[in-house]
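Engineer: Take 2 as the starting number for the sequence shown in this note's numbering and just add one per residue. Glycine included, C-beta positions come from ideal geometry on N, C-alpha and C. Before I ask anything, let me first share the structure, which is written out below as structure tokens.
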Amino acid sequence: MDYTRIAVVGCGFYAQNHLNAWNDLKGKGAKLVSVCDLDHIKAKEAGEKFGIPFYTNINEMLDKQNIHLLDIVTQMHSHQNLAAIAAERQLACIVQKPFAPTLEKCVSIVEKSERNKSWLAVHENFRFSTVMSRVKKELDSGAIGIPNWARITFRTSYDIYSGQPYLLTEERLAILDTGIHVLDLARFFMGEVEHIACETQHRNPKVKGDDTATMLLKHKSGAVSVVETTYDSKRIPDPFPATLLEIEGMKGSIILSHEDNMTVTSGGKVKTLNIGSQLLPWTSRPWHGSQEAVLNTNAHFLQTFRDNKPADTSGRDNLKTFSLVEAAYLSAEKNIMVKPKFS
């Protein structure tokens with residue numbers, strides 16, 4: 002088999018899912034060949050676990066290893082520099098979401114990649130989860146007709162800060178961290194956005210940035226969606242890390258509730274299905290849905306890269322999602338409705 006040689010940069014908390022996913026995809030043409038992290042211990046542990054060379058310097062790794070596809074799974078403030086290194090070497094690159102801290106930097110990454118004719122994708126994985134793919138399939142079947150209203154919700158009080166303490170000091174938090182996921186789902190299900198209005202809240206005094214956001218989107222189709230995200234919800238049971246949603250159309254509705262139960266009303270008939278994912282050898286509850294989404298996302302990237310096609314969440318496409326993030330923050334700041342720059 003002609004393998005795609007893959008290196009992962011960043012061996013931290015969430016990167017373990019990327020490493021396991023690439024390892025699982027070896028039967029489909031992926032070959033995980035090296036890892037890199039500034040932290041020698043993290044790099045060494047990842048390298049030894051998967052039996053591959055490890056590095057603490059990306060240029061040294063790229064000089065010594067023949068890499069086809071670079072998967073960047075670091076914090077967003079490093080993305081622009083790392084993506085630039087890949088572009089300058091005309092190396093295909095995947096960048097973990099959020100793409101960068103600001104839309105301006107996202108645009109810079111995309112334009113540099115395009116100038117260097119380097120394949121670029123953003124690891125925006127919510128739309129690739131088994132659950133969301135199943136909802137999209139139901140929508141595309143026409144069961145509820147053309148969707149005209151939706152509510153997409155990510156609400157939790159799970160302590161995300163224990164595993165990612167740096168989030169406590171981020172000036173922009175909820176919208177940029179998880180809001181970007183649910184905004185991308187709004188695009189995925191309802192189409193591109195005409196304008197957005199947003200209210201943010203700061204409910205946890207220990208957090209520097211916004212921990213809650215409520216957004217109202219008017220889509221170009223005429224549909225309306227309400228998109229919510231918060232890390233300071235008070236509900237039992239806490240649905241973490243599930244995203245809940247309701248979508249209504251001309252002929253019916255789809256409701257995705259806790260524990261991945263999808264209820265479809267169509268033509269006066271109702272059916273309820275459990276559409277959750279199964280545990281893999283390296284996944285565990287309650288993270289398994291998100292972990293499997295990484296596998297599905299990487300499988301999509303691998304196939305599109307090998308076919309020399311743009312990914313569904315290419316760098317250029319992700320500018321539309323990130324534009325909604327920027328527009329939401331501007332709306333909250335100015336108390337106005339905002340048209341996204343890319344749509």
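1) Closer than 8 Å is the cut-off here; do at least three beta carbon pairs connect the stretch 287 to 301 with the stretch 269 to 279?
2) Taking residue 229 as part of the beta strand (DSSP E), name the residues at either end of that continuous run.
3) For residue 91 and residue 119, which I take to be in contact (beta-carbon distance under 8 Å), what is that distance rounded to the nearest angstrom?
4) Determine the DSSP secondary structure at residue 182, reduced to helix, strand or coil.
5) Going by Cα to Cα distance, which pick from 330, 104, 15, 7 is closest to residue 165?
6) What first and last residue would you give for the alpha helix (DSSP H) that runs through residue 42?
7) Which value, in whole angstroms, describes the spacing of the CA atoms of residue 348 and residue 24?
8) Could you check the C-alpha separation between residue 266 and residue 42 for me, to the nearest Å?
9) Between 97, 137, 112, which has its C-alpha nearest residue 125's C-alpha?
10) Would you kindly work out how many angstroms separate the C-alpha atoms of residue 1 and residue 296, rounded to a whole number?
11) Which residues in the same chain have their Cβ closer than 7 Å to the Cβ of residue 101, if we skip the five residues on either side of it in sequence?
12) Using a Cβ-Cβ cut-off of 7 Å (strictly less than) and excluding sequence neighbours within five positions of residue 294, which residues of its own chain qualify?
13) For residue 289, report the span of its alpha helix (DSSP H) as first-last.
14) Can you name the residues that DSSP bridges to residue 72?
15) Which residues does DSSP pair with residue 265 in a beta bridge?
16) On the CB-based measure, 16 or more other CB atoms within 10 Å of its CB, does residue 167 come out buried or exposed?
17) Could you check how far apart the C-beta atoms of residue 176 and residue 144 are, in whole angstroms? I think they sit under 8 Å.
18) Please classify residue 273 as buried or exposed, where buried requires at least 16 other C-beta atoms within 10 Å of its C-beta.
19) By Cβ distance, which residues of its chain are closer than 6 Å to residue 338, with the 5 residues on each side in sequence left out?
20) Between 298, 5, 12, 21, which has its C-alpha nearest residue 282's C-alpha?
21) Take the Cβ of residue 412 as the centre, count every other Cβ of all protein chains shown within 10 Å, and call the residue buried at 16 or more, exposed below.
22) Taking the alpha carbon of residue 32 as the reference point, which residue from 45, 19, 320, 6 has its own alpha carbon closest?
23) Counting only C-beta atoms, is residue 23 closer than 8 Å to chain D at any point?
24) To the nearest angstrom, how far is it from the Cα of residue 254 to the Cα of residue 28?
25) One question on the structure: do residue 385 and residue 312 come within less than 8 Å of each other, judged by their Cβ atoms?
26) What are the boundary residues of the alpha helix (DSSP H) that residue 31 is part of?
27) Helix, strand or coil: which one does DSSP assign to residue 118?
28) Nearest by alpha-carbon distance to residue 39: which of 69, 13, 51, 333 is it?
29) With a threshold of 16 other CB atoms inside 10 Å of the CB of residue 262, please say whether the residue is buried or exposed.
30) Distance check for residue 99 and residue 232, CA to CA, integer angstroms please.
31) Between residue 212 and the rest of its own chain, which residues show a CB-CB distance below 8 Å, the 5 nearest in sequence each way excluded?
32) To the nearest angstrom, report how far apart residue 155 and residue 218 are at their CA atoms.
Structural biologist: Taking the geometry as given:
1) yes
2) 225 to 231
3) 5 Å
4) helix
5) 15
6) 41 to 51
7) Summary: the structure shown does not reach residue 348, with the chain confined to residues 2 through 344, and so no result is reported for it.
8) 52 Å
9) 97
10) Since the first and last residues shown for the chain are 2 and 344, residue 1 lies out of range.
11) 77, 80, 81, 107, 110
12) 126, 127, 129, 130
13) 289 to 307
14) 9, 95
15) 255, 272
16) exposed
17) Contact flag wrong, Cβ pair sits at about 31 Å.
18) exposed
19) 196, 198
20) 21
21) This structure leaves residue 412 out entirely; the chain is present only between 2 and 344.
22) 6
23) Reference to chain D is not applicable here, since this structure consists of a single protein chain.
24) 38 Å
25) Absent from the model: residue 385. The displayed extent of the chain is 2 to 344, so no value can be given.
26) Looking at the DSSP string, residue 31 is not in any alpha helix (DSSP H); the run it does join, the beta strand (DSSP E), is 31 to 37.
27) coil
28) 13
29) exposed
30) 17 Å
31) 174, 175, 202, 203, 204, 205, 231, 232, 233
32) 16 Å
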